[in-house]
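Novice:
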Amino acid sequence: MMASRVLTDPSLLRLLLAYQEGLYEDVRDRLADAMYHVRLDDDGRYYHLSNVVEPVSTTRTLFLSLPAYDFRLPLHWTIVESRLRLLTRIAACRPQLFTRDALYCAVASGDMAIVAYLCSLDLAPGRLTEPLLDLAVSHGSIALLDQLVDAGFSRASPRAAALAAELGHKDVLEYLASRSCDVTQAVATAAARGFFDILVSLHACGIRGTSPAVVDGAAMHGHANVVAYLLQNGGYTNSATAWTLAANDGHLRVLQQLHHHDAPHCSSNAMDYAATEGHLEVVMFLHSHRDEGATTDAIDGASANGHLAVVQYLCANRTEGWTHRALDDAAGGGHLEVVGFLLQWEPPAVSQRAVTQAAANGHAIVLRHLLAAPLQGVSATVAAACAAAEHGHLDALQVLYAYRQSGWNSSVWFAAFAHHDVLAFLLTHAPECVDADASLVPKTLSMPVARLLQSAFGHQLQLNLRQDYVGVLAIFPSYPWCETTMREAIRSSNVAMVRYLHEHYHDDVCDSDRLATAASVPGNTDVFLYLLQHCVRATTSEAVWIEAARYSNLAILEALHANQCVGATPAVMDEAARVGAVDVLRFLHTHRREGCSTRAMFDAITYGHWRVVAFLCRFGERGVSNEASCRNMEIAIEAFDPEWTEARLDDVLPLLQKRLAALRPS
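FYI, the numbering for the sequence shown is 2 to 667, going by the working numbering.
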C-alpha cells in the first residue's frame, strides 16, 4: 500500500517524467515508419514501401533536403496529410523537428488550421527564404493571406502577382496591390491567359507592362481581343514572336489585328510556320496582305506534315520553291497524295532518304511510287531493306525486293530477327542474306522465330546465349547453353529459366558464384531461394551476404539467417551502412551477432546516410570499442566533404556530439 502511494505520488511522477524522452504510440509509429520503411530515390522523392508505385511526396511539396534524408520527414509528412492532432503530439515529443520550413509545407498544402497552429509556435529558422505569400496565392484565399500577414509574413515577390494572374485570382491581385506589392509581372501573365477584366483592372490602377512580352503572350495564345486592346489603348509594342507563334498556331484573328494596327517585326517565318502546321487561311492572308513572303521551309514543312492543299496553294502562288526535304519527309510520313503531286514537277527534288524513311515506316505504296518513277539517285538499297526488316514491315520489304538491283547481305537478315514473317520471306526469296551464325544478335528469340530457325538450320545454328524464355531453350535441347545463359536468367529474375537450366544443364551452367549474382538483384528472392535449396554448387559465403546488403535485399538476408547459412561477418553490416540500408542494419543488429567495424559509422557519415548514423548512435556499434568509436567519429567529422553528398553535416552534428559525450569516460 505504501509502495503504491509512493509510485503514484503526483510530485514524484512529475520529477521522474521530467527526465524521460517518452513517445506517444502514434508518434512512435510515425517516426519508425519514416526511419525504416521509407526509401529515398535518386530524384529526391520519398517512397513508402507498402506503396512503392507512388511517392509519399516529392521534396518540393515536403520542403525537405534534396536528395539526402531529412529527419523532419515524419513531421512534414504529417502536415501534408492534414493530421493536426498527430502534429501537436509530435510537437510535444520532438519539438526540435519543427522549423519554419514546416510552415512552408503547411501553406503549400493550404490547411489553415495547421498554418494557424504553426504560426503560434516559436519556430526555428529553416532553409527556405522565399516569401510565404508567394506560396499562399495559389489557393486564392484572402483569409489565408490575412492569416500570414497577421503573423508577420507580409512580404511577397513579383512572382506572387504573376501566379495570381495566371490563376485568374483578381481579388488576390487587388489584395497584393493594396499592400504595395510589385504586381507588374501580372500584366504580361493576364494578357497571355486572356483575362481581359484583370488587364483592364490593372490598367485602371496605373499598372502597366513594360516589354513586348505583353502583346507577344496574348498573340501566341490567340487572344485577339486582348491584342487589339493593347495595341489600341495600351501603347504597347510587340516582337517577331507575336507574328510567328500566332501564325504557327493558326490564330488568324490575331494576325488580322496585328496587321490592322501595323504591328512591326513580321518576317517570312510567319508564313513558313503557318504552312508547316497546315493553316491554309493564314497562309492565304499573309500572301494577300503582307510582303514578307516565305522560304523553301514553307513547302518543305507542309509536305512533311501532309498538308496537300497548302502545298498546292504555295506552288501555284509563290516562287520560293522547295528542297529535297519536301519529298523525303512526305514519303517518310506516308503522305501519298503529296508525294504524287511533287513528283509531277520537273525535275523532282528527292534523295535516297525518301526511300529509307518510307521503308522504315512501312509505307509500301509510297515506296512503289518512288521506285517506279525514273528518279536519279534513288533505289532499293540494303539500308532501306534493313529499315523495313527491323520494323517488321513485310509489305515494304517485298516492294524493295521487287525493285532491288543486286542481292542483299546478312545485315538484312539479322535486322529481321524479331519478325517471323520477314525471316520466312528472306529464307525463301533472298537466301544470299541468310546466316546461321546469330550469336551476335542482341535480341532474344520469340517462339515462332525459334521454331523457324530450328527448322531451317538444326544443329548448325549459333545463338545468342542470353535468352529469356524457357520454350526457346526447349526447342534447342542439345544446344550448349552455359553459365552466361544462367547468369542472365538470374539477373532478369526469371525463376522458370533458372529452374529449367538447373534441371537440364546443371553441370554446364551452375557454379559457386550464382548465389552472389542472385543476391545482387533487388527483389530476386524467388530465384535466390530456388538456388539455395536445390543447387549443390550454390554455396554461401561472405560475398553472398555482402551482395545482399549492398543491394538492400532484406528478404534474402532473412533467408540466409533462417537457413543458418555461413559467411556473415562484420563487413555485412558495414556494407549496409555504406549504402544507407537502415532496414538491413536493423535486421542484422537484432538477429545477428557479428556486429560491425568502425567503417560502418565512418561511411555513414561520409555518404550522408543520417538514418544510419542515428541508428548507430542509438543502438551502438557492436564489436567496436568506445575508444575506437570516438576516434573514428572524430576523424569522420573532420574529414567530411560536402562534395561527396548533398547532406548537411549540421543536421546530424548534435546527435554525434551527444554520442561522443556518452562514450567518453567521465
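Ideal Cβ placement from N, Cα and C applies to all residues, glycine included.
1) How is L368 classed by DSSP in three states: helix, strand or coil?
2) Please confirm whether V567 and A577 have their CB atoms less than 8 Å apart.
3) For D183, I'd like the list of residues in its chain whose CB is within less than 6 Å of its CB, leaving aside the five on either flank, ordered along the chain.
4) Excluding five sequence neighbours on each side, which residues of the same chain lie with their C-beta closer than 6 Å to the C-beta of Y237?
5) Any beta carbon from chain D within less than 8 Å of A544's own beta carbon?
6) Kindly indicate which three-state DSSP category D292 falls into: helix, strand or coil?
7) Give the secondary structure of H49 by DSSP, where H, G and I count as helix, E and B as strand, and everything else as coil.
8) Looking at C316 and R291, is the spacing between their C-beta atoms short of 8 Å?
9) Enumerate, from N- to C-terminal direction, the unbroken alpha helix (DSSP H) stretches of 4 or more residues contained entirely within the segment 252-314.
10) For C206, count neighbouring C-beta atoms within 10 Å of its own C-beta (all shown protein chains included) and say buried if the count is 16 or more, exposed if not.
11) If I follow the unbroken beta strand (DSSP E) through L41, where does it start and stop?
12) Based on the DSSP secondary-structure assignment, which residues constitute the bridge partners of A125?
13) Just list the residues that DSSP pairs Q463 with in beta bridges.
14) Taking the straight line between their C-alpha atoms, what separation do you get for V53 and V39?
15) A187 and L168: beta carbons closer than 8 Å?
16) Just curious, the alpha helix (DSSP H) that L176 is in, first and last residue?
17) Does DSSP classify D642 as helix, strand or coil?
18) Output needed for A668: all residues of its chain with C-beta closer than 7 Å, excluding positions within five of it in sequence on either side, in chain order.
19) D217 by DSSP, collapsed to three states: which one?
20) By DSSP, does N554 sit in helix, in strand, or in coil?
21) Does T185 come out as helix, strand or coil in the three-state DSSP assignment?
22) For the alpha helix (DSSP H) containing E167, name the first residue and the last one.
23) Between which two residues does the alpha helix (DSSP H) harbouring V138 extend?
24) Determine the DSSP secondary structure at L561, reduced to helix, strand or coil.
25) Return the chain-ordered list of same chain residues with a C-beta closer than 6 Å to the C-beta of K171, the five sequence neighbours on each side being excluded.
26) Which term fits E338, buried or exposed, when burial requires 16 or more other beta carbons within 10 angstroms of its beta carbon?
Specialist: In terms of the structure at hand:
1) Helix.
2) no
3) P159
4) V215, V216, L231
5) Structure shown: chain D not included; a single protein chain is present.
6) coil
7) strand
8) no
9) 253-261, 270-277, 281-290, 297-305
10) exposed
11) 39-41
12) DSSP, once it has assigned bridges, lists T100 as partnering A125.
13) D438
14) Caution applies to V53, whose pLDDT of 48 falls short of 50 and renders its modelled position unreliable; the value that the coordinates give is listed next. Taking the straight line joining both Cα atoms gives about 9 Å.
15) no
16) The sequence shown places Tyr at residue 176, rather than the Leu named in the question. From DSSP, the alpha helix (DSSP H) with Y176 extends over 171-179.
17) In the three-state reduction of the DSSP assignment, D642 falls in the coil class.
18) Outside the displayed span of the chain (2 to 667) sits residue 668, for which this structure offers no information.
19) helix
20) It is coil, neither helix nor strand.
21) coil
22) The continuous alpha helix (DSSP H) containing E167 extends over residues 159-168.
23) V138 -> no alpha helix (DSSP H), and no H or E assigned at all.
24) helix
25) I199
26) exposed
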